[in-house]
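Numbering (the numbering used here), first residue to last: 67 to 474.
From the three backbone atoms N, C-alpha and C, an ideal C-beta is built for every residue, glycine too.
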Ligand code: ARG
């Protein structure tokens, strides 16, 4: 009988390199690795060789950057989904896609198991396993980091050396970093103290406000039905557009986020993010919605944004509720088309103009000049009825007070 196959979500770091060898030995299985490129800045060169040397028999490396932006990040942008009002969820949005790709390879290879290198106290394990389960309930998900014998990085390094597993020669980074084109999550080291300001060396993509140019930079962004299509008048594909905004934002210190965040597993953690393009796009998109969405739709959508963000953060991408909310969101976006002009300056974003063919801003109604078309006289009757319940309360209460005084 041929050996069982396990498809491993492989990053090339210490954990997943050790994992390849460990799984091969402990499960007596054939190991296939899968690495998804989501536009991270780290080179994927040399990864195949590393995986093979760690014990893999086959290596898949797939570029998923476009799919990630167009099928995950942009839908969440349209939803205005920021976890706890701040985090654009680069990591959270990437996991369901990686899980989907992992399942596809498992199917192709007739593998019955997949494995990931997430720890037992993070959100990512949940995102991976719930997504794999929703897409392929018959496939078993293994999480060696939750159960294996290694208690520290040092023990893993010892195991790696003893088994000829290539470990990165570079000086180890004091931070734990998860990076993709939509943003970077930076954890560990001194960042675990919430009173410590993140040191400059924690950041990869942005300069500090102090080091940003003394002149503001103007940028215009055009959207079509909630999707960004051009920057500074130049039409661009999704990848180039986000890359360009990462550069523009990065040099103007835009998109650094430092927050205490509520994890799904019940703990608060200190998270530092950099997401220049996502921050700019969320800001611009919101401003365009202000001028194109009808009031009640815009107000109701804030509730949807929050629920949608919670679903994504909590690993519930492939669920009927997320899909139903997406349908609502997509409907709201039909007329979110137009141009937003922004001014970036030392870590801040200011709106400097917006326009849309579907703009609901009517100068004839808004103006205080002689051109005014608003029917002022209609306000009198409107206010009379609008305020009626509150007048009624007051009248009734006064009557009750008078009667209670009379009865003593
Ligand atoms: N707290 C963020 C999230 O849950 C970032 C997680 C970063 N993941 C990582 N493996 N370093 O989405």
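- If you draw a straight line from the Cα of residue 419 to the Cα of residue 318, it is about 19 Å long.
- DSSP places residue 102 within a strand segment (E or B) once states are collapsed to three.
- Our two residues, residue 350 and residue 417, have alpha carbons roughly 8 Å apart in a direct line.
- Under the DSSP assignment, residue 461 falls outside any beta strand (DSSP E), being part of the alpha helix (DSSP H) whose first and last residues are 454-472.
- The closest heavy atom of the ligand ARG lies 8 Å or more from the beta carbon of residue 326.
- Judged by the Cβ position, residue 188 qualifies as a neighbour of the ligand ARG at the 8 Å threshold, a heavy atom of the ligand being closer than this.
- The alpha carbon of residue 152 has as its nearest neighbour, out of 345, 82, 222, 285, the alpha carbon of 345.
- For the set 269, 463, 407, 208, the Cα lying nearest the Cα of residue 93 is the one of 208.
- Boundaries of the beta strand (DSSP E) around residue 289: 283-290.
- Contact between residue 98 and residue 71 holds, since their C-beta atoms are separated by about 6 Å, short of 8 Å.
- Leaving aside the five residues that flank residue 80 on each side, the residues in its chain whose CB is nearer than 8 Å to its CB run, in chain order, 219, 222, 223, 226, 233, 234.
- Leaving aside the five residues that flank residue 316 on each side, the residues in its chain whose CB is nearer than 6 Å to its CB run, in chain order, 271, 272, 342.
- Distance from the CA atom of residue 242 to the CA atom of residue 280, rounded to whole angstroms, is 32 Å.
- A straight-line Cα-Cα distance of about 11 Å links residue 108 and residue 247.
- Residue 245 has 250 as its beta-bridge partners, per DSSP.
- Leaving aside the five residues that flank residue 395 on each side, the residues in its chain whose CB is nearer than 6 Å to its CB run, in chain order, 144, 145.
- Taking 9 Å as the cut-off, the beta carbon of residue 163 is found closer than this to the beta carbon of residue 137.
- Residue 153 has its CB nearer than 8 Å to a heavy atom of the ligand ARG.
- Going by beta carbons, residue 425 and residue 404 fall inside the 9 Å limit.
- Remark: C-beta atoms of residue 194 and residue 381 approach each other more closely than 9 Å.
- Between residue 165 and residue 201, the beta carbon gap of about 7 Å places them in contact (Cβ cut-off 8 Å).
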